[in-house]
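Residue numbers (our numbering): 3 to 153.
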């Protein structure tokens, strides 16, 4: 049985879900808080929704990964999921928001084919997933700080 590496982290952001959603659903905002995202832009015209495509560049352990994703799930203020359509590895990235005491619980999850190590080699999957998980944790803390700096 092949297991798919999963990285999932959450953070409570002291802002309403509408403000968090408005920020994280703009492709160009991702490099400002997500540490591994070097570039990100929306390719398709119009508002974000199922079928919208984003292009980006991610750096994982110094390796460049160019990608294009297409949104396969989109429920405003709740969930957005995109799946890679052009990339060296197949992955799905999902963001979820939930109103909680103190603000919004923001969860970011990446499911990748075996795997993240695809750009390093299959045996590197556990090491790459652990390093990427630390990067995501720091990125979410960064997002929370960025969105609450003036509150």
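Every residue, glycine too, gets a C-beta built ideally from N, C-alpha and C.
When the options are compared against residue i, the one with the closest alpha-carbon
{"i": "residue 19", "options": "99, 44, 112 and 137", "result": "99"}
{"i": "residue 72", "options": "103, 64, 83 and 144", "result": "83"}
{"i": "residue 30", "options": "139, 55 and 12", "result": "55"}
{"i": "residue 141", "options": "37, 25, 21 and 10", "result": "37"}
{"i": "residue 145", "options": "129, 11, 35 and 53", "result": "35"}
{"i": "residue 61", "options": "127, 40 and 52", "result": "40"}
{"i": "residue 42", "options": "52, 104 and 57", "result": "57"}
{"i": "residue 13", "options": "129, 128, 127 and 104", "result": "104"}
{"i": "residue 127", "options": "52, 147 and 63", "result": "63"}
Spatial neighbours of residue i in its chain, beta-carbon cut-off 7 Å, leaving aside the 5 residues before and after
{"i": "residue 27", "result": "50 and 82"}
{"i": "residue 150", "result": "15, 16 and 17"}
{"i": "residue 25", "result": "31 and 149"}
{"i": "residue 143", "result": "13"}
{"i": "residue 129", "result": "none"}
Nearest-angstrom Cβ-Cβ length linking residue i and residue j, presumed shorter than 8 Å
{"i": "residue 23", "j": "residue 79", "result": "5 Å"}
{"i": "residue 114", "j": "residue 33", "result": "Wrong, their Cβ atoms sit about 20 Å apart, outside the cutoff."}
{"i": "residue 59", "j": "residue 138", "result": "With 8 Å as the limit, residue 59 and residue 138 do not qualify as a contact, their Cβ atoms being about 17 Å apart."}
{"i": "residue 97", "j": "residue 76", "result": "Not really, about 10 Å apart at Cβ, beyond 8 Å."}
Cβ neighbours of residue i in the same chain (closer than 6 Å, five flanking residues each side left out)
{"i": "residue 95", "result": "84 and 112"}
{"i": "residue 88", "result": "70"}
{"i": "residue 21", "result": "none"}
{"i": "residue 1", "result": "No answer is possible for residue 1: it lies beyond the span of the chain, which begins at 3 and ends at 153."}
Contacting residues, own chain, Cβ-Cβ under 8 Å from residue i (five flanking each side not counted)
{"i": "residue 52", "result": "73, 74, 75 and 76"}
{"i": "residue 92", "result": "85, 86, 114 and 115"}
{"i": "residue 154", "result": "As displayed, the chain neither begins before 3 nor continues past 153, which places residue 154 out of reach and without an answer."}
Q.
Does the region 133-153 come into contact with the region 44-58, if we say contact requires no fewer than three beta-carbon pairs (one atom in each stretch) closer than 8 Å?
A. no
(Q) Report the start-end ranges of each beta strand (DSSP E) in the region 88-117 that is 3 residues or longer and not cut off at the edges. (A) 93-102 and 105-114
Q | Length at least 4, wholly inside the region 6-83: the alpha helix (DSSP H) runs in chain order | A | 19-26
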